[in-house]
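The opening residue of the sequence shown carries number 497 in our numbering; numbering runs sequentially from there. Glycine is no exception: its CB is placed at the ideal position from the N, C-alpha and C atoms. Below: the structure, in structure tokens.
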Amino acid sequence: MDKKTHIVAGVCRQCGKNKYLSVRGLCYSCGIANRRLAANEMRARQGPIFERWQASMIKSGNKILQDIQLARERKQKLADSQRQMMEQQ
Numbered sequence: 497m498d499k500k501t502h503i504v505a506g507v508c509r510q511c512g513k514n515k516y517l518s519v520r521g522l523c524y525s526c527g528i529a530n531r532r533l534a535a536n537e538m539r540a541r542q543g544p545i546f547e548r549w550q551a552s553m554i555k556s557g558n559k560i561l562q563d564i565q566l567a568r569e570r571k572q573k574l575a576d577s578q579r580q581m582m583e584q585q
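And the structure:
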């Protein structure tokens, strides 16, 4: 199987009912309810799901900014060393 889509019978992690479950251990009803909740929170721009998403976006943005700053510093060091070599000749 390429995707994790197999379905097994068992007890739902969320509602506790004995139903067919997704790979994440949720029944179909709970999975749909969670998706709706997430979509509503993202649309409203508030709630724990939105806050977790926002924090990860900020974290990834900070990582990108750090990478850009590091690249600028490396470029500046290279330019400085090339300038020094030209001055020595």
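Secondary-structure assignment with DSSP links Leu517 through a beta bridge to Val504. When only Cα atoms are considered, Lys513 and Arg548 end up about 28 Å apart. Residue environment for Cys508: buried (at least 16 other C-beta atoms within 10 angstroms of its C-beta). With 16 or more other Cβ atoms from the protein chains shown falling within 10 Å of its own Cβ, Cys523 counts as buried. Where Arg548 is concerned, the enclosing alpha helix (DSSP H) starts and stops at Pro544 to Gln584. When the Cα atoms are used, Ile560 and Gln578 turn out to be separated by approximately 27 Å. A Cβ-Cβ distance of about 10 Å is found for the pair Phe546 and Met553, leaving them out of contact under the 8 Å criterion.
Gly527 carries a helical assignment under DSSP once its states are collapsed to helix, strand and coil.
Distance from Ser518 to Gly527 at the Cβ level is roughly 6 Å; contact confirmed, criterion being Cβ atoms closer than 8 Å.
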